[in-house]
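S.K.: Shown below is the structure under consideration.
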Amino acid sequence: MSLDRDRALALMHEYTASDALRKHMYAVEIAMRAMAKRAGEDPDAWGLVGLLHDYDYERFPNPGHSPTEEHPAEGVRRLAAIGLPEPMQRAILGHARYTGVPRDTPLAKALFAVDELCGFLVACALVRPSHSLQDLEVSSVKKKLKDKAFARGVSREDVVQGAVELGVPLDDHIGFVLASLRPHERAIGLGGA
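Take 5 as the starting number for the sequence shown in the working numbering and just add one per residue.
Structure, rendered in structure tokens:
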């Protein structure tokens with residue numbers, strides 16, 4: 005059975021009730037498509053990884069950070085059973101540091117690099133009067149990264165490490181992901197003041 009976007013979207017909606025978590029996965033899908041285009045890779049395949057990377061998060065929470073049980077391991081087992089290719093499985097596993105799965109492909113590095121950053125950019129936009137990414141600047145994002153009380157759930161270490169693993173300056177990475185999300189901000193719940 006092949007997994008196309010329609011099937012992946014239906015699966016994500018079946019497993020995920022939270023509107024905020026769904027929008028996070030849409031944002032990561034958008035960023036992954038942009039990353040694929042820049043890398044000369046398949047935007048549809050990379051987009052699927054972004055869309056599905058947290059689909060099992062609500063149903064199989066993993067507060068103990070088990071590397072082999074719950075999120076993302078359980079979700080990946082289910083995706084493997086319906087034919088998700090192994091490199092895509094490994095990328096999803098690798099986005100959670102605690103799995104111990106190395107991020108040794110451009111796909112895996114990209115997912116790790118955009119995941120936490122997408123969540124952080126959305127949080128930054130939500131506290132702006134515009135509730136928009138359009139007037140959000142890289143310098144503002146970096147200032148918020150230093151504020152440990154802001155968006156506490158976002159791992160600053162993962163944001164920084166993601167850029168390092170991609171081999172790009174943090175400013176450039178933030179700017180690229182921000183630019184990729186701006187045209188699609190309505191789909192991720194932004195842009196309405």
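Where a beta carbon is used, it is the ideal one built from N, C-alpha and C, also for glycine.
Tell me whether the beta-carbon of phenylalanine 124 lies closer than 8 Å to the beta-carbon of valine 164.
M.R.: Not closer than 8 Å, so no.
S.K.: Could you spell out where the alpha helix (DSSP H) holding valine 163 opens and where it closes?
M.R.: Residues 160-170.
S.K.: Determine, using beta carbons only, whether proline 89 and leucine 111 come nearer to each other than 8 Å.
M.R.: It is not a contact, given that the beta carbons lie outside the stated cut-off.
S.K.: Helix, strand or coil: how does DSSP classify leucine 88 here?
M.R.: Of the three classes helix, strand and coil, the one that applies to leucine 88 here is coil, per DSSP.
S.K.: Going by DSSP, what residue range makes up the alpha helix (DSSP H) through tyrosine 30?
M.R.: Element bounds for tyrosine 30: 23-43.
S.K.: Which value, in whole angstroms, describes the spacing of the CA atoms of threonine 72 and glycine 104?
M.R.: If you take the alpha carbons of threonine 72 and glycine 104, they lie about 10 Å apart.
S.K.: On the three-state DSSP scale, how would you describe tyrosine 102?
M.R.: Tyrosine 102 falls in the helix class under three-state DSSP.
S.K.: Which value, in whole angstroms, describes the spacing of the CA atoms of histidine 17 and arginine 82?
M.R.: For histidine 17 and arginine 82, the distance between alpha carbons rounds to 15 Å.
S.K.: One question on the structure: do isoleucine 96 and leucine 7 come within less than 8 Å of each other, judged by their Cβ atoms?
M.R.: Not in contact: isoleucine 96 and leucine 7 (Cβ atoms no closer than 8 Å).
S.K.: Would you kindly check if the distance between the Cβ of valine 126 and the Cβ of isoleucine 192 is under 8 Å?
M.R.: Yes, Cβ-Cβ distance for isoleucine 192 and valine 126 is below 8 Å.
S.K.: By Cβ distance below 6 Å, which residues in the same chain neighbour asparagine 66 in space, the five residues on each side in sequence not counted?
M.R.: For asparagine 66, where only same-chain residues beyond five positions count, the Cβ hits under 6 Å are Glu74 and His75.
S.K.: With a cut-off of 8 Å on the beta carbons, I'd call methionine 29 and leucine 55 a contact; round off their distance for me.
M.R.: Indeed they touch by this definition, with Cβ atoms about 5 Å apart.
S.K.: Could you tell me if valine 145 is buried or exposed, where buried requires 16 or more neighbouring beta carbons within 10 angstroms of its beta carbon?
M.R.: Buried, since its Cβ has 16 or more Cβ neighbours within 10 Å.
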